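A short write-up of the structure that comes next.
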Amino acid sequence: MSAERLAVHGLGLKAGEFKLYGIDLSATGGEYLVLLGPTGAGKTVLLEAIAGLRRPTGGRILLDGRDITSTAPERRGIGFLYQDHALFPHLTVAENIAFGLRARRIPRDEVRTRVKEIAHLLRIEGILPRRPGSLSGGEKQRVGLGRALAIAPRLLLLDEPLSALDPETREGLQGELLRVHRSLRTTTVHVTHDFEEAISLGDRMAVMDRGTIVQEGRSEEVFRRPASPFVARFVGARNVFSGIVTGEAGEAVFSIDGTEIVTVTEIRGPAHLSIRPEEILISRAALRSSARNCLPGRIIEIADRGTVVYVTVDVPPEFTCAVTRRSLAEMDLRVGMEVFISFKASAVHVFKGG
Amino acid sequence: MRAFGMKAGFALLGGALLLFIAWPLARTIFSSSPTGLWETILDPQVRGAIGLTFYASAIATVIALLTGVPLAYLLARHDFPGKGLIEGLIDIPIVVPHTAVGIALLLVFGRSGALGKAFGAIGVRFVSSVPGIVIAMLFVSMPFLVNAARDGFAGVDIRLERAARTLGAGPWTAFRRVALPLAGRSILSGTILMWARGLSEFGAIVILAYHPMVAPVLLYQRFESYGLDYARPVAVWIILSSLAVFVALRTVAGRRKG
């Protein structure tokens, strides 16, 4: 583990009606931290505060151990990418990427070399002379990323960089983010409201709700042990596992610690899998049905969440299944009982991640 | 059919208004004989007055650019108590009768006014002088530039400047390299409007500085002293020169868009 790069202690901030309070957050050098939370949780405001664009009312922000709470944004060396990229429309792609270098009064030759390097890294050499107005969403985001990376930032802040893109572009750019992070190891804080994106990208995640951080930890830990009903609702009550996909074209087998799950995916190799709790059926005996997956397990927990009841079945791994109160009563499900869980191969969602 | 009927009705009404503007202008321009026009333009007093008008309005516009653009930026970017009051103050010159503006300026910049005395100490006089013409034009036409610049800055996404700041640009660099170029078109069109509005000023100038004569004052003087026939060719030259410069500037401004 490298030293602590970013540390936020007890940060508070007021922005109009909006309030952040008691924010503690840290990221080690080279880490990819995901800040996850619903819309309106204050994620963007927090990023802007870290970048120095908003003045906190209390608390401290440390970068490499140095207090930067009242340092001007231009002296922090923190790269920032807004959700809708915020490219300078009056400048070409090359000029956008060069902006930070020119502001630092770096000699022209050096700027040109650096812009070329960045363009090569992000595969945007072909669009350097163009203006942002004529670019696609994915291209704009690459340019925005390149512009932020050009200054070799000590910390990179990404504000929902993928959410304005169509699904296909989004997947491509997500892979790109991982590839770039692997090659540069820039410490990154990535904001998103998308749970799968968080799992795919982050080493660790911090969950935010209504102006403060409600849980911080390794991604698996956060969804296995949600610290509050909110986190449970937002991330917890889902089945997300890591494993390896093998198989021929079309049908694939996803192996998690010896348990094999049939899925439909083109992805091969290490990946993640998710199944919505509502997609899983529980039965007392093995089912003969069109569902390709039928696994035996033992009920280890029954959690009543009001409208639905979440039943956790240890196969292993532990699957969370949603049943209605009525089914629970009719089937007389209890902790310790041996049951079967069934779900269709098409209900299994497989996605790549770090 | 009903949509067509409405369109035709609107076109008719609008056409009447356009005719109302175009007819008198055209009538004036085409009513003077070429020889009369030629003689008029050879008159050094006419040429001097038109030149002075353009020059004084340009100076007023430069002053407004240096002071009004920063003000416009503050108004577009910040909220502070009394902001509504300031915005109201900027619009006042549009509604106050310009002869009243002339009186008000005379009270402050006149020989016994506070600023008049202060500037008098360094040898600058406002009554019956070019500086007087300049401040009269500045007062009445400043709102056009400030309002256009403010709208221009307001139209620039603040996050662009924030992004510039994170990239290492100080507030001044972010303003100069991001906000200013992006608001440039609005500022340019405000500049042209203000300058053109300054050219046509009469009321405030006639009170503060009847002499040296700007074109509108000269026209008034010719009309009062010699009647319509002598005033007409002067009016033609004023209209033509204003139109020519206005069209030229608009063309240049339009070309910069690409």
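Here the protein sequences come in this chain order: A and B.
Here our numbering is used: the first residue of the first sequence is 1, the next is one more, and so on.
Here our numbering is used: the first residue of the second sequence is 1001, the next is one more, and so on.
By construction, the Cβ of each residue, glycine as well, lies at the ideal position given by its N, Cα and C atoms.
Everything numeric in this text was worked out from a predicted model, so none of it was measured.
- Bridge pairing for B:Asn1147: absent [DSSP].
- Contacts between A:Gly211 and chain B, judged by CB atoms closer than 8 Å, are missing: the closest CB pair is about 21 Å apart.
- Within the DSSP secondary-structure output, A:Arg218 pairs in a beta bridge with A:Arg204.
- Here the alpha carbon of A:Ser134 sits roughly 21 Å from the alpha carbon of B:Ala1164.
- Annotation: A:Val315 is outside any beta strand (DSSP E) and is labelled neither H nor E by DSSP.
- Residue state for A:Arg5 is assigned as strand, using DSSP reduced to three classes.
- If you look at A:Leu91, you'll find it isn't in any alpha helix (DSSP H); DSSP assigns it neither H nor E.
- Under the Cβ criterion of 8 Å, A:Gly79 is counted among the residues facing chain B.
- Across the set A:Asp67, A:Glu338, A:Ser255, A:Asp314, the C-alpha of A:Ser255 shows the shortest separation from the C-alpha of A:Val348.
- Residue environment for B:Val1252: exposed (fewer than 16 other C-beta atoms within 10 angstroms of its C-beta).
- Where A:Ala285 is concerned, there is no enclosing alpha helix (DSSP H), because DSSP gives it neither an H nor an E.
- Taking all protein chains in view, the Cβ of A:Thr307 is surrounded by fewer than 16 other Cβ atoms within 10 Å, so the residue is classified as exposed.
- In this structure, DSSP gives A:Arg298 an extended state, which the three-state scheme calls strand.
- Under DSSP, the beta-bridge partners assigned to A:Thr192 are A:Leu36.
- The C-beta of A:Tyr32 has 16 or more other C-beta atoms within 10 Å across all chains shown, which makes the residue buried.
- The shortest CA-to-CA distance from A:Ala291 to any of A:Ser346, A:Asp67, A:Arg334 is the one to A:Ser346.
- Under the Cβ criterion (8 Å, minimum of three pairs), the stretch 1180-1194 of chain B does not count as touching the stretch 1103-1120 of chain B.
- The three-state secondary structure of B:Asp1091, taken from DSSP, is helix.
- Membership of B:Phe1223 in the alpha helix (DSSP H) is indicated by the continuous run 1215-1226.
- Distance from the CA of B:Ala1100 to the CA of B:Ile1092, rounded to the nearest whole angstrom, comes to 12 Å.
- Close to A:His90, with beta-carbon spacing below 7 Å, are these residues of chain B in chain order: Pro1181, Leu1182.
- DSSP links A:Phe351 through a beta bridge to A:His272.
- When the five nearest sequence neighbours on each side are left out, the beta carbons in the same chain lying within less than 8 Å of the beta carbon of B:Thr1028 are those of Arg1232, Ala1235, Val1236, Ile1239, in order along the chain.
- Excluding five sequence positions before and after A:Ala86, the CB atoms of its chain that fall closer than 8 Å to its own CB belong to Gly144, given in chain order.
- Annotated three-state conformation of A:Asp332 is coil, per DSSP.
- The closest CA to that of A:Arg104, considering only A:Thr71, A:Ala152, A:Lys116, is found on A:Ala152.
- Those residues of the stretch 158-171 of chain A placed with their C-beta closer than 8 Å to a C-beta in chain B do not exist.
- Relative to A:Asn239, the option among A:Ile106, A:Val262, A:Glu318 whose CA is nearest is A:Glu318.
- If you draw a straight line from the Cα of A:Ile302 to the Cα of A:Ser274, it is about 20 Å long.
- Beta-bridge annotation (DSSP): A:Thr320 is paired with A:Thr312.
- Between B:Gly1168 and chain A, the shortest Cβ-Cβ separation is below 8 Å.
- Cβ-Cβ distances below 6 Å link B:Leu1107 to Gly1113 in the same chain, with the five nearest sequence neighbours on each side left out; the list follows chain order.
- Between the stretch 1204-1220 of chain B and the stretch 1144-1156 of chain B there are fewer than three C-beta pairs closer than 8 Å, too few to call the two in contact.
- Using a Cβ-Cβ cut-off of 8 Å, A:Pro73 is close to Arg1162, Arg1165, Thr1166 of chain B, given in chain order.
- The Cβ atoms of B:Gly1102 and B:Ile1207 sit closer than 8 Å to each other.
- For the stretch 102-135 of chain A, the set of positions with a beta-carbon nearer than 9 Å to some beta-carbon of chain B reads Arg102, Ala103, Arg104 in chain order.
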